[in-house]
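Trainee: Before we start, here is the structure in question, set down as structure tokens.
Protein chains in written order, with my numbering: chain A, 24 to 327; chain B, 2 to 732.
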């Protein structure tokens, strides 16, 4: 009997994967987005093998160069290889989170920020939506107050207050993301809590926490996943902005935003490359994530 | 039966052959594009609609009834397409014509009435605006003329005060009135063809009866061809001239309504007819005929076999067949529509062979022991009570956002959803609770189970007080009272597999040892007639009936002493409903559990209950054992409910008592007897029932625990009921 179960569950997992794959394959939008995102992810993962340079190596003989055989994307004002800086920059955003003392966590700054925002936002949304009453009022009004502050200002305030480092950027992204996610989860909860299986659980005397996290939360995953993808895109954009304003990763680490900031002074001097590549990187990654999220959302609701 | 073959009767439509039919559908096939491939939804549909004729289309859900309607209207959506056959409207071919041409042909000649009236009306426009728009959009007509026409049409559909009605918004009128407005709207342009897609499904029985009466009445005046789509054989028997039976996207049988109900030929049609619980049945029947299996998904329908073969008892058991060779082809060849008699076609290899067996001869199950209440025991004191509710009240505070109200100066208003209900549930019995929607049935049981806080009164289960919300009850009390819900689509959590959902209450209430949970789940699955491999399935892979079974298994998992069923079968198809009802009766016999069963249909509760409580506006107006509820005397409301149940027999003379008006708001109930505003019987009392308006009635206690809440003496009620001479009622 146990054998039968395991084969059954693996078959089910295969079925799931197949379904997701068929959604990707049948939507051109999602496929384009997926290819762009996967390009940056794989480049970031294999960064050490894709270039002979490190992002910090300076070549005094060749500053501000265009693409050449030696430096495929050119060099910046200190002669650092732009390709190396670009892909190591992607690494910080998407793949590794450098916490102090040389320990790195898997998952990039943007991803961690969104995950933390998800955990906090979803909990607040669930509690507000399910409990209702004054708890809901207090939580939602506080979050409304946060939403009233322009996003970019909020980032600036937080990073300026706690200082610029990878961890602090994660914290900023998380705090800014919470109100939106809480709102989304709350509205989904308000709908789901009227369903009869929630009533059935209540008639069994199941505790409110269990209902919230075991009965309601799993059923909100579809919209949440889509929203999280979009949010990673916004977070990357926000990181670029912070970097540009000098509040991102501390130099000399390869940060896309600060690369654009440094490179922009040389645009009119005939070497736009240092500003161009990171701009393209940010734009393409954000667009890619948006396309992927939109495509999946559209495709999964099509044949209902 | 033998002379069926001989009567090569002249088609009654022969005289019409010269006239161009309104609609002629030949070999229609419609497919939907899905992610993988084209899936056929409808194939092989043939029918003709003549002027003034009504064609009924029946079948279970998922059989392609609505798809036909949308095909005719070209509303198939982005992924639907007509892939074959022809649709001729007034002699003009519509398949293959351009969109513009179609619009011109159809123009205002085809109208449609949809199932849900609230969704078909625009909530932000007045009824008058919406009605007039129909006329001014298609015709050159002044606003005043249009208005006059609309008022006349509203009058025609028996709307009270039509002039005033024009100024109202859809939410200000009731569901039945909304459907009348929709019908009026559909008829305004005097269409040649009217398509009605389940026009009465969303309505209460009493309202349904009135709307059907209206349709029948209009049919004679307007000479319109009507396609009437429904799943209810009783409804179709009343309004149609001809009947098409759809199964899994195919037309399996077609004939005149009379022939269809007298000599149904196709095994599916016969099955459908047998599934319906009837008021006329013997009370001791407790099994319904049910069709095995379920309607196959469009993607699983075989091209070269009879689609009904996997469910067909004639093929599988060879029931009543002398010549077994007739069913040889069922699984290898696809049957065609064949003529059985002059005007009767069936898609079955057996053809007229089935007619040799009378269709209503199916065995309907074992006898059950009807509960017997002693003659003089008016309060059921001689029997063991399991649950007792006394003067139960559930009120909702009406929230008014006005300034006066916020300052606490206004008068507090309450919606009295349940108003002073007392009920005793005898151990091992089933109490059926019936009433129109909005009469407080659901709120009553939610108050019992603790999902709604009680405003007043007391409830006791086995002598223990259960007057508090479920959160304050002890675990041992919670497990004794469980509930099964109405909507199969939302009764199960879509994120967990079936097994886990049933296992949860088992683990919570520790009914079995931790290691034996899986065995227990499988036992429960078996007890609701599902095999053990359903353990790993997810709710979306199950059909409605299967989901409802899982819901029942989950409620039984804590081994409760009492289960409440909140309309468990009203969202299911007839054949599935029959199977679920049989299952419930079996469970009742096996484990002897006590049940409260809510339904809006008196024919369903009769089949499963020992006692019945009829509710109206938050009150129980009649209570008694089945033996005393169904024969007269009745409470006037019960009588109206009984007479409104549609009968699947076109010959039967319906004597429905139409209730005037709608259920009054539960916020300000009428004075005196709550029912006096709609009561058709109050005129038998002196001064046209003045006492009904002034004084609230008290229960008249009759024999066998039968109680009626009415001013009219029981003897008089008996007399009036017998005068009506409805055969179904006097058993």
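The beta carbon of each residue, even a glycine, is placed where N, CA and C say it ideally should be.
Just tell me which of B/606, B/556, B/610 and B/58 has its CA closest to the CA of residue 240 of chain B.
Mentor: Position 239 of the second chain holds residue 240 of chain B. Comparing Cα positions, the closest option is B/58.
Trainee: In chain A, what lies closer than 8 Å to residue 495 of chain B by C-beta?
Mentor: Counting from 1 along the second chain, the entry for residue 495 of chain B is found at position 494. Within chain A, the residues near residue 495 of chain B are 242.
Trainee: In this structure, how does DSSP classify residue 648 of chain B when only helix, strand and coil are distinguished?
Mentor: As a first step, residue 648 of chain B is located in the second chain; it is residue number 647 there, counting from the start. The answer is coil: DSSP assigns residue 648 of chain B none of H, G, I, E or B.
Trainee: With DSSP run on the structure shown, which of helix, strand or coil describes residue 364 of chain B?
Mentor: Position 363 of the second chain, counting from 1, holds the residue named residue 364 of chain B. Residue placement at residue 364 of chain B is poorly supported in this model, since its pLDDT is 49, which falls under 50; the coordinates are not used for a value here.
Trainee: Residue 271 of chain A versus chain B: which residues are under 8 Å apart at the beta carbon?
Mentor: For this step, residue 271 of chain A is matched to residue 248 along the first chain. Under the 8 Å cutoff, chain B gives no residues; its nearest Cβ is about 39 Å from residue 271 of chain A.
Trainee: Helix, strand or coil, according to DSSP, for residue 82 of chain B in the structure here?
Mentor: Taking the first residue of the second chain as position 1, residue 82 of chain B is located at position 81. Strand.
Trainee: Using a Cβ-Cβ distance cut-off of 8 Å, determine whether residue 245 of chain A contacts chain B.
Mentor: As a working mapping, residue 245 of chain A is identified with position 222 in the first chain. Not an interface residue.
Trainee: Just the Cα atoms here: how many angstroms apart are residue 168 of chain A and residue 258 of chain A?
Mentor: Translated into the one-based positions of the first chain, residue 168 of chain A becomes position 145. Translated into the one-based positions of the first chain, residue 258 of chain A becomes position 235. The alpha-carbon atoms of residue 168 of chain A and residue 258 of chain A are separated by roughly 21 Å.
Trainee: What is the C-beta distance between residue 105 of chain A and residue 94 of chain A, in whole angstroms, given that I count them as a contact (C-beta under 8 Å)?
Mentor: Numbered from its first residue, the first chain carries residue 105 of chain A at position 82. Numbered from its first residue, the first chain carries residue 94 of chain A at position 71. About 7 Å separates the two Cβ atoms, so the contact holds.
Trainee: Under 8 Å Cβ to Cβ from residue 198 of chain B, same chain only, skipping five residues before and after it: list those, please.
Mentor: On the second chain, position 197 is the one that residue 198 of chain B refers to. Excluding positions up to five away in sequence, the list reads 66, 67, 70, 113, 114, 115, 116 and 230.
Trainee: Give me the residue from A/162, A/87 and A/170 with the minimum Cα distance to residue 288 of chain A.
Mentor: Numbered from 1 along the first chain, position 265 holds the residue referred to as residue 288 of chain A. With distances taken between Cα atoms, residue 288 of chain A lies closest to A/87.
Trainee: Taking 8 Å as the threshold (beta carbon to beta carbon), is residue 364 of chain B in contact with chain A?
Mentor: Here the question's residue 364 of chain B lines up with position 363 in the second chain. Interpretation of residue 364 of chain B is limited by its pLDDT of 49, a score under 50 that renders its predicted location unreliable; the figure taken from the coordinates is listed afterwards. False, the Cβ-Cβ gap to chain A never drops below 8 Å.
Trainee: If you compare alpha carbons, which of B/163, B/720 and B/494 is closest to residue 633 of chain B?
Mentor: By one-based count along the second chain, residue 633 of chain B stands at place 632. Per the Cα distances, B/720.
Trainee: Taking a Cβ distance cut-off of 7 Å, strictly less, list which residues of the region 37–58 of chain A are near chain C, in chain order.
Mentor: No chain C appears in the structure shown, which is made up of the protein chains A and B.
Trainee: Using three-state DSSP, classify residue 157 of chain B as helix, strand or coil.
Mentor: Against the second chain, residue 157 of chain B aligns to sequence position 156. Three-state DSSP puts residue 157 of chain B in a helix.
Trainee: For residue 291 of chain A, count the other beta carbons within 10 Å of its own beta carbon; 16 or more makes it buried, fewer makes it exposed. Which is it?
Mentor: Taking the first residue of the first chain as 1, we reach residue 291 of chain A at position 268. Exposed, since its Cβ has fewer than 16 Cβ neighbours within 10 Å.
Trainee: To the nearest angstrom, report how far apart residue 190 of chain B and residue 228 of chain B are at their CA atoms.
Mentor: Counting from one through the second chain, the residue named residue 190 of chain B turns up at place 189. Counting from one through the second chain, the residue named residue 228 of chain B turns up at place 227. C-alpha separation (whole angstroms): 17 Å.
Trainee: My guess is that residue 645 of chain B and residue 257 of chain B are in contact by the Cβ rule of under 8 Å, so how many angstroms apart are they, rounded?
Mentor: Reading the second chain from its first residue, position 644 is the one you call residue 645 of chain B. Reading the second chain from its first residue, position 256 is the one you call residue 257 of chain B. Actually they are not in contact, since the Cβ atoms of residue 645 of chain B and residue 257 of chain B sit about 26 Å apart, beyond 8 Å.
Trainee: How long is the line joining the alpha carbons of residue 144 of chain B and residue 133 of chain B, rounded to whole angstroms?
Mentor: Within the second chain, the letter at position 143 stands for residue 144 of chain B. Within the second chain, the letter at position 132 stands for residue 133 of chain B. If I take the Cα positions, the gap works out to 7 Å.
Trainee: Within 8 Å (strictly less), CB to CB, does residue 223 of chain A reach chain B?
Mentor: The sequence position of residue 223 of chain A within the first chain is 200, counting from 1. At least one chain B Cβ lies under 8 Å of residue 223 of chain A.
Trainee: Tell whether a beta-carbon distance below 8 Å holds between residue 134 of chain A and residue 117 of chain A.
Mentor: The residue given as residue 134 of chain A occupies position 111 in the first chain. The residue given as residue 117 of chain A occupies position 94 in the first chain. For residue 134 of chain A and residue 117 of chain A, yes; Cβs fall inside 8 Å.
Trainee: Indicate whether at least one CB of chain A lies closer than 8 Å to the CB of residue 484 of chain B.
Mentor: Counting from one through the second chain, the residue named residue 484 of chain B turns up at place 483. By this cut-off, residue 484 of chain B is an interface position.
Trainee: Compute the Euclidean distance between the alpha carbons of residue 613 of chain B and residue 288 of chain B, then round it to the nearest angstrom.
Mentor: Start at 1 with the first residue of the second chain, and residue 613 of chain B comes out as number 612. Start at 1 with the first residue of the second chain, and residue 288 of chain B comes out as number 287. Straight-line Cα distance between these residues: approximately 19 Å.
Trainee: Answer with buried or exposed for residue 465 of chain B, where buried requires no fewer than 16 other C-beta atoms within 10 angstroms of its C-beta.
Mentor: Against the second chain, residue 465 of chain B aligns to sequence position 464. Under this definition residue 465 of chain B is an exposed residue.
Trainee: Using a Cβ cut-off of 8 Å (strictly closer), state whether residue 219 of chain A contacts chain B.
Mentor: Taking the first chain and counting its residues from 1, one reaches residue 219 of chain A at position 196. It does: the Cβ of residue 219 of chain A has a partner Cβ on chain B nearer than 8 Å.
Trainee: At a CB-CB cut-off below 8 Å, which residues of chain A make contact with residue 491 of chain B?
Mentor: By one-based count along the second chain, residue 491 of chain B stands at place 490. Going along chain A in sequence order, the residues near residue 491 of chain B (Cβ under 8 Å) are 218, 219 and 220.
Trainee: Would you check if the region 554–572 of chain B and the region 598–617 of chain B touch, i.e. whether three or more CB-CB distances between them fall below 8 Å?
Mentor: In short, these stretches touch, since the Cβ pair count reaches three.
Trainee: Where does residue 20 of chain B sit, in a helix, a strand or coil, going by DSSP?
Mentor: The residue you call residue 20 of chain B lines up with position 19 of the second chain. Residue state, collapsed to three classes: coil.
Trainee: Provide the residue span of the beta strand (DSSP E) that contains residue 417 of chain B, from first to last.
Mentor: Within the second chain, the letter at position 416 stands for residue 417 of chain B. Start and end: 415–427.
Trainee: If you reduce the DSSP assignment to three classes, tell me which class residue 15 of chain B lands in.
Mentor: Here the question's residue 15 of chain B lines up with position 14 in the second chain. Because residue 15 of chain B sits at a pLDDT of 47, beneath the cut-off of 50, its placement in the model cannot be relied upon, and the following sentence gives the value as read from the coordinates. Reduced to three states, the DSSP call for residue 15 of chain B is helix.
Trainee: Among residues of its own chain, excluding the 5 on either side of residue 444 of chain B, which ones have a beta-carbon nearer than 7 Å to its beta-carbon?
Mentor: As a first step, residue 444 of chain B must be located in the second chain, where it is residue number 443. The residues are 395, 418, 419 and 453.
Trainee: So with CB distances below 7 Å, who are the chain B contacts of residue 226 of chain A?
Mentor: The residue labelled residue 226 of chain A in the question sits at position 203 within the first chain. Under the 7 Å cutoff, chain B gives 450, 452, 471, 483 and 484.
Trainee: Going by the CB atoms, is the gap between residue 96 of chain A and residue 148 of chain A shorter than 8 Å?
Mentor: Taking the first chain and counting its residues from 1, the one referred to as residue 148 of chain A is at position 125. Taking the first chain and counting its residues from 1, the one referred to as residue 96 of chain A is at position 73. No, the pair does not count as a contact, with Cβ atoms beyond the cut-off.
Trainee: Kindly say whether residue 398 of chain B, judged by its beta-carbon, lies nearer than 8 Å to any beta-carbon of chain A.
Mentor: Within the second chain, numbered from 1, the residue matching residue 398 of chain B stands at position 397. Closer than 8 Å: no.
Trainee: Sort A/228, A/244, A/306 and A/276 by Cα distance to residue 496 of chain B and report the nearest one.
Mentor: Position 495 of the second chain, counted from the first residue, corresponds to residue 496 of chain B. Considering only alpha carbons, the answer is A/244.
Trainee: In terms of DSSP beta bridges, what is residue 347 of chain B paired with?
Mentor: For the purposes of this step, residue 347 of chain B is identified with residue 346 of the second chain, where counting begins at 1. Answer is B/254 and B/339, bridged to residue 347 of chain B.
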